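Novice: My questions will all concern the structure given below.
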Amino acid sequence: MAKTATKSSKKPAAKAAKPGAKPAAKAAAKPAAKAKAKPAKKPALTLSMLKPSVNNMSVRVFARAAGLDHSETDVWGHTRSPEYMARNPAHLTPMIEDKGLPRGVLWESCAIMQYLANKHGLEKLYPKAPAKRAMIDSAMFYLIGTLYPYVARATYPALNFPQYAGEVGHSDAHPDKKSEAQKAAAAAIAEPLEVFHSFFRNGKPFIGGKNPSIADIRLAATLEFLAVIDYALPKWAKDYMAAIEKKLGKAYTEPAGDVRGYIAYVKSQANA
Ligand SMILES: N[C@@H](CCC(=O)N[C@@H](CS)C(=O)NCC(=O)O)C(=O)O
Numbered sequence: 003m004a005k006t007a008t009k010s011s012k013k014p015a016a017k018a019a020k021p022g023a024k025p026a027a028k029a030a031a032k033p034a035a036k037a038k039a040k041p042a043k044k045p046a047l048t049l050s051m052l053k054p055s056v057n058n059m060s061v062r063v064f065a066r067a068a069g070l071d072h073s074e075t076d077v078w079g080h081t082r083s084p085e086y087m088a089r090n091p092a093h094l095t096p097m098i099e100d101k102g103l104p105r106g107v108l109w110e111s112c113a114i115m116q117y118l119a120n121k122h123g124l125e126k127l128y129p130k131a132p133a134k135r136a137m138i139d140s141a142m143f144y145l146i147g148t149l150y151p152y153v154a155r156a157t158y159p160a161l162n163f164p165q166y167a168g169e170v171g172h173s174d175a176h177p178d179k180k181s182e183a184q185k186a187a188a189a190a191i192a193e194p195l196e197v198f199h200s201f202f203r204n205g206k207p208f209i210g211g212k213n214p215s216i217a218d219i220r221l222a223a224t225l226e227f228l229a230v231i232d233y234a235l236p237k238w239a240k241d242y243m244a245a246i247e248k249k250l251g252k253a254y255t256e257p258a259g260d261v262r263g264y265i266a267y268v269k270s271q272a273n274a
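Using our numbering, the first residue of the sequence shown is number 3, and each one after it goes up by one.
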């Protein structure tokens, strides 16, 4: 698996050793080829991300599972800075910067996974055959367009995330009204969730078949948020998430740990 370098956008990158600096005695004794070894090259692919976010978790899991050499920059508190907005007027994460992109950057988690899977020929994660690929695309669009808005409305208040303009949670409505809306959104999750199970998985271990696809990564990551409201996931969903974690191993658990850590933190604050 490729190494992932993570840095915070607050901290400047560590200074490289000055050219011409005296080599240490040991290094000086070594053959010239070794002493002149070039410093590791910065990966060409960089990911700007927020650790508590499942939109970001999706791409972070994907990049690790695909073994892509990349670096991560934590942009917490910086997405609306003039520098970030100049590159990404939508001020969103995840965002990648990759050579060859017409505008230099790309955001939207699913588009990022599709692009990188296309670019690197990752057929196991994103099948090439049009009909199979269409099912993965359909599952991801359904997730972003239908499931995720319910998940956001149900969990963002508990996560202390800002809610979307025009919704009850964003308004100055009475707390009872907000709670009612949050409960309605939580209740609405069951139907699309079942669609992923009965229609998209259709008896297979994953939407992608025997192996998790980018749609599976996107779905499992999304379901992580539900722990913040102690949502009672159906047994199949718990088993499904465990199966993805088992298949992907550290590629999944490492980014999931950031989301889970944030959820544990907000829960401990709420109970304090
Ligand atoms: N549909 C997008 C959602 C991206 C999104 O909502 N990103 C949020 C974090 S969860 C963000 O970066 N917000 C920072 C901001 O708006 O300033 C995706 O899947 O990538």
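Note that CB positions come from ideal geometry on N, CA and C, so glycine has one too.
Predicted, not measured: the structure shown is a model, and the values here were computed from it.
#1: Helix, strand or coil for H199? Go by DSSP, reduced to three states.
#2: Sort A39, P236, Q165, A217 by Cα distance to A192 and report the nearest one.
#3: What residues come near ligand 1, if near means a beta carbon less than 5 Å from any of its heavy atoms?
#4: Is P91 near L49, with beta carbons less than 8 Å apart?
#5: Taking all protein chains shown into account, do 16 or more other C-beta atoms lie within 10 angstroms of the C-beta of N57, making it buried, or fewer, making it exposed?
#6: Could you tell me if the beta carbon of G106 falls within a distance shorter than 7 Å of some heavy atom in ligand 3?
#7: With distances taken between CB atoms, is the gap from D71 to L47 smaller than 8 Å?
#8: Relative to the C-alpha of A113, which residue among G106, P132, M142 is closest?
#9: According to DSSP, what are the bridge partners of I98?
#10: Measure the beta-carbon distance from P214 to K249 and round it to whole angstroms, keeping in mind my assumption that it falls under 8 Å.
#11: What is the DSSP secondary structure of F208, counted as helix, strand or coil?
#12: Report all residues from its chain with a CB closer than 8 Å to the CB of E247; omit the five preceding and five following residues, and keep chain order.
#13: May I ask you to report which of helix, strand or coil DSSP gives K8?
#14: Between which two residues does the alpha helix (DSSP H) carrying E85 extend?
#15: How would you label G251, buried or exposed, when you count the other beta carbons within 10 angstroms and need 16 or more for buried?
#16: If I follow the unbroken alpha helix (DSSP H) through D174, where does it start and stop?
#17: Considering only the beta carbon of each residue, do M51 and R62 sit closer than 8 Å?
#18: Please confirm if the segment 194–201 is in contact with the segment 134–152, defined as three or more CB-CB distances below 8 Å between the two stretches.
#19: Considering T75, what are the terminal residues of the beta strand (DSSP E) in which it resides?
#20: Rounding to the nearest angstrom, what Cα-Cα distance links D218 and P151 in this structure?
#21: Where does A160 fall in DSSP's three states?
#22: Helix, strand or coil for N58, going by three-state DSSP, please let me know.
#23: Quick check: what's the CA-CA separation for F163 versus A39?
#24: Using the C-alpha atoms, what's the distance from Q184 back to L228?
Specialist: Answer, in terms of the structure:
#1: helix
#2: P236
#3: S55, N57, T81, H93, L94, T95, E110, S111
#4: no
#5: buried
#6: You won't find ligand 3 in this model; what it holds is ligand 1.
#7: yes
#8: M142
#9: L49, L108
#10: 6 Å
#11: strand
#12: A222, Y254, T255, A258
#13: Per the sequence shown, residue 8 should be read as Thr rather than Lys. Of the three classes helix, strand and coil, the one that applies to T8 here is strand, per DSSP.
#14: 84–89
#15: exposed
#16: Here D174 belongs to no alpha helix (DSSP H), and DSSP marks it neither H nor E.
#17: yes
#18: yes
#19: 72–76
#20: 18 Å
#21: helix
#22: helix
#23: 46 Å
#24: 12 Å
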